[in-house]
Amino acid sequence: MVLYFTSNVVDPPATIYMGKDKFENEDLIKYGFPEDVCAHVYVRLQPGQTWLDIPPEVVDD
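The letter at position 60 of the sequence shown is residue 60 when you use full-length UniProt numbering, and the numbering goes up by one with no holes.
As structure tokens, this is what we get:
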């Protein structure tokens, strides 16, 4: 089961998702987008963004 969250502390909102265990996380890595940032919690970035562009508010959320 993949858990999805929407962080509305920034505009546009950030999509955050994670697997329920390490096995699902492996599939998320395998089938993820190149711009997905992973630390077992994934943030779907906007086109052209890098992990350096993640606002602190999204990290805190």
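Every residue gets a Cβ at the ideal spot worked out from N, C-alpha and C, and that includes glycine.
Once the 5 residues before and after residue i are set aside, which same chain residues still bring their CB inside 8 Å of it?
i	result
residue 4	15, 16 and 17
residue 2	17, 18, 19, 20, 24 and 28
residue 33	44
residue 58	7, 9, 10, 14, 16 and 43
Return the bridge partner residues of residue i from the DSSP annotation.
i	result
residue 5	16
residue 31	Note: residue 31 sits in no beta bridge, so no partner.
Mind checking whether residue i and residue j have CB atoms under 8 Å apart?
i	j	result
residue 10	residue 55	yes
residue 37	residue 51	yes
Which residues in the same chain as residue i place their Cβ atom closer than 6 Å to its Cβ, once the five residues preceding and following it in sequence are excluded?
i	result
residue 35	45
residue 61	7 and 9
Can you find the residues in the same chain that come closer than 7 Å, C-beta to C-beta, to residue i, ignoring five residues on each side of it along the sequence?
i	result
residue 13	6 and 7
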